[in-house]
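Presented below is the structure to which this report refers.
Residue numbers (the numbering used here): 382 to 1345.
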């Protein structure tokens, strides 16, 4: 935080008679805190005795400084200004803490690793006290004191634990007293943070951000601040210090110079002034100089007012080491540019990290703070670490190491001027006062084969006689004594492991010397052999394995392998753990030479060969699972099979034995065999499929086939028949021959017997004169037409049957309708047919036989769509009822005349083609068949009127009466 002092500097009122400047005097009755510098320490009491008119009270006494810290009124100030023994009178100014991290950035971690931790040294921290039991400090707080004076009002409170203005001894710098607390906030956090940066030790401490700069150094903690309850930039309370208390603290450090080896004293505070030139008139200079005379450096923060070319007091004192802060980026990493808040300029001695520094704070806690207050303890700790390394060096020498080796940071101090200030690099500073070691190698080049051990040797020395650590960029180096070293390295991969080897000698300050020689590692080719027991025979299509063994002194080599199988193919199996395992399938039989080659990653190669005999394997044939095994005679059987042959380079032929006759050649499509053949007769057969490879290997498979008989067809040719009510019907008169023709086909090569229902049978042999044997699979399908003529003796309805039967018992039947009419020449009227259909006694020859009448009724029903579909005449009784007179029922009377007409047709007096006169003009203008079709259509039409039906009835009655 950027805290300015809380008072306005006293204006100079004028000059005393002796040229001593006098601060602006207080009003009458008021006093002013001043620090008076006298010529000599022995003059202090005389100056006090010379104050007669005014009042002056000593606030602090200093044994080692020619200074008086007084609270003086106006008259006393005038007397002091006139005293010839007074060199200067300065306000007893109020100072405030200035405010952050960072060890690796200044390479302090490297210095600590070298063992220079500030051990045996002590750093004095003049600040707001210290958290005495913070784990960051352990038991390294070796002395405490408190100098905390106030103005005597309630506005200021002493921070000494005993409440007085001074206290020494254990606990006197405790930063966790009640007066340090503002509620739960500790206003004395600053000194604990500063001490942690300078000398905190984080090893084994939970939450620690790492070590401070000098984690081995002891700490003198001096509380020089008081609690101010007013001002504080409007945010009281805060911690502030009087310069007189700082000087008292410096006196304490000086007094302890013989008790502890004190390397540095740190003040992370000061006022907000902007000094562009030295302020060696400052009241603080005498104390800074006195400590410097004892070899103790005073590090002071430059201030946080962003002055581009000036620093605050007491940082402006020429003998102080004034420290500014560098910045950090957004990630918290230090960057070599001034922090925006840091004062800087020609009076600045050094830069150090000061932005967002994480370190200890009271209550065993940690916090990130920023400011030049954080930069100064980096330098105080650095001086302790350097004193650890160079205990006899002067303070000026150590400061010179830091200045001369720091990283220069150049920055603007005005629009036209720049300044350059180094940022500390502790490792470089450590090595500034050191003389590095030397080292050499006996051999500039070492050459070996891989798998052997490479060696070299050489000498080394350190001009200061310090111990030297030896390291090698690779391999192992040992100190063999007498300023000699020996190096060795096992090799396992040439030439990959060829390299430059650097041997480094490192002294106690971390400085090094190196010597480099070149190592050449030659590659050695691997050796290979076929594994014992390697099989020398196999079969085509089988997986054949090869095993080879190899070794390579280059144990880090990687290897690749190639197997040439001798048949034009190669494979690249892995080569691991000294073995090569490969497998191969030979596509064809033969004698081959197998060659196994191993190559390392550096190109070294070896091979081993041996013969292998590969024998042929016959193909294996499998009938297709979906193979049809039952067919009918005359149809074609398709055979399908597949085969596998491990000899993938073989060519193949195929044949199929169908179970009769000569085998046929099978069709080959890749590994599928197909073929087809027709079977002419039923029977049981065994079909065999054979596949032969080009080396004579034969594979076969068979399956049974059942060929079933197919009955012959029987079809009567009805092309000459008359279609009656949708049924083809042969019509003839009794005794008149009818020509019949029928056809029979059979896919089987069978003998056929064709017969008619009246008893005619004809045998048609497939291969006359002999009969067909039981099995005759040759393809001879049958197609036979049988023509016959037959005359029926009686008028009636007939069903003519035609049967075709083969020699295996298969048969088919067809039938045809036949209507046979009588041979009468004259028609009969309805009453006569009424009498013919009566029941009772029959008187021949007038009455027709009952059988004849029934036949005539069958003919009528065959020919008419009315009988018996619309009107039942299936018996003589029913027909008699139809033929009875029914004048009042138009349909019944129609049925009477229609049935009469059809009975006349059956009797033979009408043919369907008989020409008739339909309109009584004595001209034959139609046929009987046409008249009957029209009349019955009108009868059956539901839409026909009674008048229409009567007209047809009269026409039929006319036909039945006249016969034409």
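Note that CB positions come from ideal geometry on N, CA and C, so glycine has one too. Computed from a predicted structure; not experimentally measured.
For the pair residue 830 and residue 879, the Cα-to-Cα distance works out to about 10 Å. For residue 1275, there is no enclosing beta strand (DSSP E); the enclosing alpha helix (DSSP H) covers residues 1271–1288. In the DSSP annotation of this structure, residue 781 is not part of any beta strand (DSSP E); the continuous alpha helix (DSSP H) holding it starts and ends at 776–786.
Per the DSSP secondary-structure output, residue 599 pairs in a beta bridge with 503. Distance from the CA of residue 1280 to the CA of residue 1295, rounded to the nearest whole angstrom, comes to 17 Å. Straight through space, the alpha carbons of residue 1190 and residue 1235 are spaced by roughly 38 Å.
Look at the beta carbons and you see the stretch 580–588 touching the stretch 508–527: at least three pairs across the two are nearer than 8 Å. In this structure, residue 1254 sits near residue 1241, with a CB-CB distance shorter than 9 Å. Under DSSP, residue 1214 shares a beta bridge with no residue. Residue 798 carries a coil assignment under DSSP once its states are collapsed to helix, strand and coil. If the five residues before and after residue 892 are omitted, its C-beta is found closer than 6 Å to the C-beta atoms of 812, 815 and 817, all from its own chain and listed in chain order.
The count of Cβ pairs closer than 8 Å, one atom from the stretch 1008–1024 and one from the stretch 1081–1101, reaches three, so the stretches are in contact.
According to the DSSP assignment, residue 1209 belongs to no alpha helix (DSSP H), since it is labelled neither H nor E.
In this structure, DSSP gives residue 578 a helical state, which the three-state scheme calls helix. Beta-bridge partners of residue 1066 (DSSP): 1086. Per the coordinates, the alpha-carbon of residue 1275 lies some 40 Å from the alpha-carbon of residue 1194. Rounded to the nearest whole angstrom, the CA to CA distance from residue 930 to residue 923 is 23 Å.
Here residue 414 is not near residue 449, since their CB atoms are 9 Å or more apart. The residue from 1213, 1327 and 884 with its alpha-carbon nearest to that of residue 894 is 884. Burial of residue 758 is indicated by the presence of at least 16 other C-beta atoms within 10 angstroms of its C-beta. In the DSSP assignment, residue 758 falls within the unbroken alpha helix (DSSP H) covering 753–770. Scanning its chain for C-beta atoms nearer than 6 Å, with the 5 sequence neighbours on each side dropped, one finds around residue 1168 the residues 1122, in chain order. Judged by their CB atoms, residue 553 and residue 541 are nearer to each other than the 9 Å cut-off. Beta-bridge annotation (DSSP): residue 1012 is paired with 1088. If you look at residue 967, you'll find it isn't in any beta strand (DSSP E); DSSP assigns it neither H nor E. Around residue 1078, the same chain offers 997, 998, 999 and 1000 as residues with beta carbons nearer than 7 Å, after the five sequence neighbours per side are excluded. For residue 882 and residue 900, the gap between their C-alpha atoms comes out near 7 Å. Here the stretch 743–756 does not lie against the stretch 659–677, with fewer than 3 beta-carbon pairs under 8 Å apart.
Short of 8 Å from the beta carbon of residue 845, and not among the five residues preceding or following it, lie these beta carbons of its own chain, in chain order: 815, 816 and 888. DSSP assignment within the stretch 809–836 yields no whole alpha helix (DSSP H) run of 4 residues or more. Residue 1288 and residue 1326 have their alpha carbons spaced roughly 31 Å apart.
About 13 Å separates the CB atoms of residue 762 and residue 735; that is not less than 8 Å, and the two are not in contact. In this structure, residue 858 keeps its C-beta atom at 9 Å or more from the C-beta atom of residue 875. Secondary structure note for residue 881: its beta strand (DSSP E) is the uninterrupted segment 880–887. A buried status is given to residue 571, since no fewer than 16 other beta-carbon atoms sit within 10 Å of its beta-carbon.
About 6 Å separates the CB atoms of residue 1133 and residue 1187; that is less than 8 Å, so the two are in contact.
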